[in-house]
Amino acid sequence: MDDTPGSGQDLPVIARFEVRRRSYLAPDGAPLRALPSFASDLDLLLALYRGMVLTRTFDLKAVALQRTGRLGTYAVSLGQEAVSIGVASAMGEADVLLPSYRDNAALLWRGVKMEEILLYWGGDERGNCSSGPPHDFPFCVPVGSQAPHAAGVAYAFRLRKEPRVAVCLFGDGATSKGDVWEAMNFAGVWKLPLVFVANNNQWAISVPLKLQTASATLAQKAIAAGFAGEQVDGNDVLAVRAAAEEAIAVARAGGGPRLIEAVTYRLGDHTTADDAARYRPPEEVQARWKEEPIARLRSYLVSRKAWGKSQEEQLAAECQERVEAAVERYLATGPRAPQTMFDHLYAELPAVYAGQRQELEQASDA
Amino acid sequence: MPELTLVEAVNLALARAMADDADVVVLGEDVGVNGGVFRATAGLQRRFGPERVVDTPLAELLISGLCVGMAAQGLKPVGEIQFMGFLYPCIDQLVNHASRLRHRTQGRLTCPMVLRTPYGAGIRAPEHHSESTEVMLAHIPGLRVVVPSSPERAYGLLLAAIRDPDPVVFLEPTRIYRAVKGEVEDDGEALPLDVAFVLREGRDVTLIAWGAMLKETLAAADALAEEGIAAEVIDLATLKPYDEETILASVAKTGRCVIVHEAARTAGFGAEIAALIAERGLLSLLAPVARVTGYDTIVPLPRLEQHYLPSVDRVMAAARKVVGFG
Numbered sequence: 101m102d103d104t105p106g107s108g109q110d111l112p113v114i115a116r117f118e119v120r121r122r123s124y125l126a127p128d129g130a131p132l133r134a135l136p137s138f139a140s141d142l143d144l145l146l147a148l149y150r151g152m153v154l155t156r157t158f159d160l161k162a163v164a165l166q167r168t169g170r171l172g173t174y175a176v177s178l179g180q181e182a183v184s185i186g187v188a189s190a191m192g193e194a195d196v197l198l199p200s201y202r203d204n205a206a207l208l209w210r211g212v213k214m215e216e217i218l219l220y221w222g223g224d225e226r227g228n229c230s231s232g233p234p235h236d237f238p239f240c241v242p243v244g245s246q247a248p249h250a251a252g253v254a255y256a257f258r259l260r261k262e263p264r265v266a267v268c269l270f271g272d273g274a275t276s277k278g279d280v281w282e283a284m285n286f287a288g289v290w291k292l293p294l295v296f297v298a299n300n301n302q303w304a305i306s307v308p309l310k311l312q313t314a315s316a317t318l319a320q321k322a323i324a325a326g327f328a329g330e331q332v333d334g335n336d337v338l339a340v341r342a343a344a345e346e347a348i349a350v351a352r353a354g355g356g357p358r359l360i361e362a363v364t365y366r367l368g369d370h371t372t373a374d375d376a377a378r379y380r381p382p383e384e385v386q387a388r389w390k391e392e393p394i395a396r397l398r399s400y401l402v403s404r405k406a407w408g409k410s411q412e413e414q415l416a417a418e419c420q421e422r423v424e425a426a427v428e429r430y431l432a433t434g435p436r437a438p439q440t441m442f443d444h445l446y447a448e449l450p451a452v453y454a455g456q457r458q459e460l461e462q463a464s465d466a
Numbered sequence: 049m050p051e052l053t054l055v056e057a058v059n060l061a062l063a064r065a066m067a068d069d070a071d072v073v074v075l076g077e078d079v080g081v082n083g084g085v086f087r088a089t090a091g092l093q094r095r096f097g098p099e100r101v102v103d104t105p106l107a108e109l110l111i112s113g114l115c116v117g118m119a120a121q122g123l124k125p126v127g128e129i130q131f132m133g134f135l136y137p138c139i140d141q142l143v144n145h146a147s148r149l150r151h152r153t154q155g156r157l158t159c160p161m162v163l164r165t166p167y168g169a170g171i172r173a174p175e176h177h178s179e180s181t182e183v184m185l186a187h188i189p190g191l192r193v194v195v196p197s198s199p200e201r202a203y204g205l206l207l208a209a210i211r212d213p214d215p216v217v218f219l220e221p222t223r224i225y226r227a228v229k230g231e232v233e234d235d236g237e238a239l240p241l242d243v244a245f246v247l248r249e250g251r252d253v254t255l256i257a258w259g260a261m262l263k264e265t266l267a268a269a270d271a272l273a274e275e276g277i278a279a280e281v282i283d284l285a286t287l288k289p290y291d292e293e294t295i296l297a298s299v300a301k302t303g304r305c306v307i308v309h310e311a312a313r314t315a316g317f318g319a320e321i322a323a324l325i326a327e328r329g330l331l332s333l334l335a336p337v338a339r340v341t342g343y344d345t346i347v348p349l350p351r352l353e354q355h356y357l358p359s360v361d362r363v364m365a366a367a368r369k370v371v372g373f374g
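For the protein sequence lines, the chains are A and B, in the order given.
Heads up, the first sequence stops at 466 in the numbering used here, and the numbers go up one at a time, no gaps.
Heads up, the second sequence stops at 374 in the numbering used here, and the numbers go up one at a time, no gaps.
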């Protein structure tokens, strides 16, 4: 016992907190405990599986496009597919998604077309005028800066008494930023219908979690803001989906915000502009491949006799075909006239800038 | 018509906008029960409730970010930053989000928000309460930057800013919050957001200013008139976009121009105006363009701040110099 002066051992405890961890499937796909009720819906589980496989196929193709000079810098979600898919699958159409730049899977689930995502990372704003729900936010590049937007969106729902929820995804690095804290703090004060999801993939480019925070969990950061945080196995799509479903239901019912920390691992580089071998031993990555989410759910589905080799081959071919078709549409998208960079700058371009637009038009005609 | 101070006109416009449109929400530090540290939001929470007049936590980045999220959802948020010196955490949101949400989504999401903040020196305030960094904001494409210099224009311009479909930063000159009074009719009439106001016509020299510096500039014009110099005074009022044509037309008439601003000289907004005149009005110039500005130093604490601010004498001296040139 610490009896040094000032240790406070004789003072009463005025608050205690708990953080729980949710997981259903072991890395080998074996159930660890009773599964959530939605797991009895085999079609849903297959849809989650297909969503993750499509995302991985798409990601690999996007990297190939980047390597061959046909796409700009791209952030893969390799190994983290369960986070975006699990969360997006628990959302309603009218809810609002506020994604980070790594949440391709969530966008795809919500109806954004693959060619639109490619168009954005291929350097064209038209990719953000996408086929997903029109109220969803586009990818957010400045880390964590979408969290205050999520609070603003959720505030609008609360003010209008709309039964909608804002869902904000960000990475472990973002939890070090004031933006995320300020948004969580406000969400707690106003009991906003808002679910924060921290995709804890252990690495913020080259900075490992232990240099990011001394906090035992990221989930506990919610406690200081006055609401619950829960840690889930982010490689277990059932756990992510169950946690998101519950948090969204609570938020929708007026119970206020929650933070879900989804613990996963970034199996790939930060982006195509990064080389993780510079700062991360390959053995570490190799070991983490044993925990990845797609093989895990596949093992479970196989054990339930709901999946087999022929379905796997068929799905792989189907995903490949869909991705190739999307790439063709992306590559066939014609350029815009240079002067369209003035479009959508303001609702109506102020007259004073008309000359610059014209100047550009003439310069590009010449 | 009632005589109001500038800050009372701001309050009147906010009340009008909130009464007219249920989507208008006011948020900021101490804006609710307290009515704002300058009283700009006095009485609004009592009238419109704590959900539409929101006392936020002490977090400026949050205030600007909330505005973006609310605006994307179709609300018309009017955020208050207590002093411009505390606005800098909002720059991230203004540059990376508010100004470009419409553009980066090609019109799918828009950002009809207003961020109001008192600014400028001369009220003997503590450190960090006196800067005029409007040019930092005027450099951001996709944003509007508006500066009223009278109660009437504060009312009409703020209504316009709130109704505008794009993000507007509304800079309120603290030094004249209560120093000027004027008749303001609560008629709900907005003023245009890209038109400068010619406050006084004259043929000899064009004096251009905005915000609190109009006080010295108009006083200088009065005094110059007694010396036989007829100064034309332009209140620029909107820095982004700004009214190039009114400036050029005036300089074409007078051939002489003095730009007055309290911000530091280097890369101040006066440099932009001088460049415009050099590019498009050079041949009508009869004398070099002059700038009367704050100095390229830190705005000093109150004991010296009056020496930092451009004075009536400095404006007059510059006007005499350009009128007497050549």
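A virtual CB, placed ideally from N, CA and C, is assigned to each residue, including glycine.
Query raised in the report: Got a sec: is the Cβ-Cβ distance from residue 101(A) to anything in chain B below 8 angstroms?
Result: The residue you call residue 101(A) lines up with position 1 of the first sequence. Caution applies to residue 101(A), whose pLDDT of 49 falls short of 50 and renders its modelled position unreliable; the model cannot decide the point.
Report task. Would you please state the rounded distance, in angstroms, between the beta carbons of residue 206(A) and residue 184(A)? I believe it to be under 8 angstroms. Result -> Locating residue 206(A) in the first sequence gives position 106, where the first residue counts as 1. Locating residue 184(A) in the first sequence gives position 84, where the first residue counts as 1. Contact between residue 206(A) and residue 184(A) holds, with the beta-carbon distance rounding to 4 angstroms and staying under 8 angstroms.
Query raised in the report: How many Å lie between residue 82(B) and residue 94(B) at the Cα?
Result: The count along the second sequence starts at 1 and reaches residue 82(B) at position 34. The count along the second sequence starts at 1 and reaches residue 94(B) at position 46. One C-alpha to the other measures close to 10 angstroms.
Report task. State the Cα-Cα distance for the pair residue 152(B) and residue 174(B), rounded to the nearest angstrom. Result -> Sequence index remark: in the second sequence, residue 152(B) carries index 104 (1-based). Sequence index remark: in the second sequence, residue 174(B) carries index 126 (1-based). Roughly 40 angstroms separates the two Cα atoms.
**Report entry** Touch test, the region 121 to 138 of chain A against the region 374 to 381 of chain A, Cβ-Cβ under 8 angstroms, three pairs minimum
**Finding:** Below 8 angstroms, too few C-beta pairs join the region 121 to 138 of chain A and the region 374 to 381 of chain A to call them touching: fewer than three.
Query - Chain-ordered chain A contacts of residue 120(B) [CB-CB under 8 angstroms] - result: On the second sequence, position 72 is the one that residue 120(B) refers to. The answer, in chain order, is 235, 237, 249, 252 and 253.
Query raised in the report: In chain order, what residues of the region 119 to 150 of chain B put their CB closer than 8 angstroms to some CB of chain A?
Result: For chain A, the residues of the region 119 to 150 of chain B that bring a beta carbon within less than 8 angstroms of one of its beta carbons are 119, 120, 121, 122, 123, 125, 137, 140, 141, 144, 145 and 150, in chain order.
Report task. Measure how close the beta-carbons of residue 384(A) and residue 127(A) come, nearest whole angstrom, since I'm counting them as under 8 angstroms. Result -> Position 284 of the first sequence, counted from the first residue, corresponds to residue 384(A). Position 27 of the first sequence, counted from the first residue, corresponds to residue 127(A). Not confirmed; about 16 angstroms, so no contact.
Query raised in the report: From residue 65(B) to residue 192(B), what distance separates their C-alpha atoms?
Result: Residue numbering aside, residue 65(B) sits at position 17 when the second sequence is read from its first letter. Residue numbering aside, residue 192(B) sits at position 144 when the second sequence is read from its first letter. Straight-line Cα distance between these residues: approximately 19 angstroms.
Query raised in the report: Mind checking if residue 67(A) is an interface residue toward chain B, Cβ cutoff 8 angstroms exclusive?
Result: Residue 67(A) is absent from the structure shown; chain A starts at 101 and stops at 466.
Query raised in the report: Does residue 199(A) come within less than 8 angstroms of chain B when only Cβ atoms are used?
Result: Sequence index remark: in the first sequence, residue 199(A) carries index 99 (1-based). With a threshold of 8 angstroms between beta carbons, residue 199(A) makes no contact with chain B.
Query raised in the report: Secondary structure at residue 366(B), three-state DSSP: helix, strand or coil?
Result: Looking up residue 366(B) in the second sequence gives position 318. In the structure shown, residue 366(B) falls within a helical segment according to DSSP collapsed to helix, strand and coil.
Query raised in the report: What residues of chain A sit near residue 116(B), judged by a beta carbon separation below 8 angstroms?
Result: On the second sequence, residue 116(B) is found 68 positions in, with the first residue counted as 1. Going along chain A in sequence order, the residues near residue 116(B) (Cβ under 8 angstroms) are 248, 249 and 252.
Query raised in the report: Which same chain residues, not among the five before or five after residue 184(B), have their C-beta less than 8 angstroms away from its C-beta?
Result: Locating residue 184(B) in the second sequence gives position 136, counting from the first residue. Correct list, in chain order: 139.
Report task. Under 7 angstroms between beta-carbons, which chain A residues line up against residue 99(B)? List them in chain order, please. Result -> As a position in the second sequence, residue 99(B) is number 51, starting the count at 1. Chain A residues near residue 99(B): 259.
Query raised in the report: Among the residues of its own chain, which have a CB less than 7 angstroms from the CB of residue 338(A), if the five just before and after it don't count?
Result: The residue given as residue 338(A) occupies position 238 in the first sequence. Take residue 338(A), set aside five residues on each side of it, and the residues of its chain with a beta-carbon closer than 7 angstroms to its own are 124, 125, 135, 136 and 139, in chain order.
Query raised in the report: For residue 295(A) versus residue 265(A), is the C-beta spacing smaller than 8 angstroms?
Result: Within the first sequence, numbered from 1, the residue matching residue 295(A) stands at position 195. Within the first sequence, numbered from 1, the residue matching residue 265(A) stands at position 165. In contact: residue 295(A) and residue 265(A) (Cβ atoms closer than 8 angstroms).
Query - Best match in 371(B), 79(B) and 341(B) for proximity to residue 264(B) [C-alpha to C-alpha] - result: In the second sequence, counting from the first residue as 1, residue 264(B) sits at position 216. A check of alpha carbon separations from residue 264(B) across 371(B), 79(B) and 341(B) identifies 341(B) as the nearest.
Report task. Per DSSP, which residues does residue 303(A) bridge with? Please list them. Result -> Here residue 303(A) is taken as the residue at index 203 of the first sequence, counted from 1. Paired residue(s): 308(A).
Requested in this report: Closer than 8 angstroms by beta-carbon distance: list the chain B residues that pair up with residue 245(A), in chain order.
Outcome: For the purposes of this step, residue 245(A) is taken as the residue at position 145 of the first sequence. 113, 140, 141, 144 and 145, listed in chain order.
Requested in this report: Return the chain-ordered list of same chain residues with a C-beta closer than 6 angstroms to the C-beta of residue 216(A), the five sequence neighbours on each side being excluded.
Outcome: Translated into the one-based positions of the first sequence, residue 216(A) becomes position 116. So the qualifying residues of the chain are 227 and 230.
Report task. Would you please verify whether the beta carbon of residue 225(A) is less than 8 angstroms from any beta carbon of chain C? Result -> Looking for chain C here will not work: the only protein chains present are A and B.
Query raised in the report: Under the DSSP definition of a beta bridge, which residues are partnered with residue 182(B)?
Result: Your numbering for residue 182(B) matches position 134 in the second sequence. DSSP output for residue 182(B) lists no bridge partner at all.
Requested in this report: Would you list, in sequence order, the uninterrupted beta strand (DSSP E) runs of no fewer than 3 residues that lie entirely inside the region 165 to 228 of chain B?
Outcome: When DSSP assignments are scanned along the region 165 to 228 of chain B, the uninterrupted stretches of beta strand (DSSP E) that are 3 or more residues long and fall wholly within it turn out to be 192 to 194 and 216 to 221.
Query raised in the report: So, helix, strand or coil for residue 327(A), using DSSP?
Result: Within the first sequence, the letter at position 227 stands for residue 327(A). Here residue 327(A) carries a coil assignment [DSSP, helix/strand/coil].
Requested in this report: Within 10 angstroms of the Cβ of residue 172(B), are there 16 or more other Cβ atoms? Answer buried if so, exposed if not.
Outcome: For the purposes of this step, residue 172(B) is identified with residue 124 of the second sequence, where counting begins at 1. Residue 172(B) counts as exposed, since fewer than 16 other C-beta atoms from the protein chains shown sit within 10 angstroms of its C-beta.
Query raised in the report: Which of the three DSSP states, helix, strand or coil, is assigned to residue 485(A)?
Result: An answer regarding residue 485(A) cannot be provided, because it is not within the stretch 101 to 466 covered by chain A.
Query raised in the report: How big is the Cα-Cα spacing for residue 254(B) and residue 289(B)?
Result: On the second sequence, position 206 is the one that residue 254(B) refers to. On the second sequence, position 241 is the one that residue 289(B) refers to. Whole-angstrom Cα-Cα distance: 20 angstroms.
Query raised in the report: Any Cβ of chain A within less than 8 angstroms of the Cβ of residue 80(B)?
Result: Start at 1 with the first residue of the second sequence, and residue 80(B) comes out as number 32. Not one chain A Cβ lies under 8 angstroms of residue 80(B).
Query raised in the report: Buried or exposed: where does residue 245(B) fall if 16 or more other Cβ atoms within 10 Å of its Cβ makes it buried?
Result: For the purposes of this step, residue 245(B) is taken as the residue at position 197 of the second sequence. Under this definition residue 245(B) is a buried residue.
Requested in this report: Give, in chain order, every unbroken run of the beta strand (DSSP E) that is at least 3 residues long and sits entirely within the region 183 to 258 of chain A.
Outcome: If we require 3 residues or more, the beta strand (DSSP E) runs fully inside the region 183 to 258 of chain A come out as 196 to 198.
Report task. Check the Cβ of residue 153(B) against every Cβ in chain A and list those closer than 7 angstroms, keeping chain order. Result -> What you label residue 153(B) is simply residue 105 of the second sequence in a count that begins at 1. What residue 153(B) touches in chain A: 228, 229 and 238.
Query raised in the report: How is residue 77(B) classed by DSSP in three states: helix, strand or coil?
Result: Stepping through the second sequence from its first residue, residue 77(B) is reached at position 29. In this structure, residue 77(B) counts as coil in the three-state DSSP scheme.
Query raised in the report: Taking the C-alpha atoms as reference points, what is the distance between residue 271(B) and residue 337(B)?
Result: For this step, residue 271(B) is matched to residue 223 along the second sequence. For this step, residue 337(B) is matched to residue 289 along the second sequence. Approximately 20 angstroms, taken between the alpha carbons.
Query raised in the report: Are the beta-carbon atoms of residue 260(B) and residue 170(B) separated by less than 8 angstroms?
Result: For this step, residue 260(B) is matched to residue 212 along the second sequence. For this step, residue 170(B) is matched to residue 122 along the second sequence. Using a Cβ distance threshold of 8 angstroms, residue 260(B) and residue 170(B) count as a contacting pair.
Query raised in the report: So, helix, strand or coil for residue 293(B), using DSSP?
Result: Along the second sequence, read from residue 1 onward, the residue named residue 293(B) stands at position 245. Reduced to three states, the DSSP call for residue 293(B) is helix.
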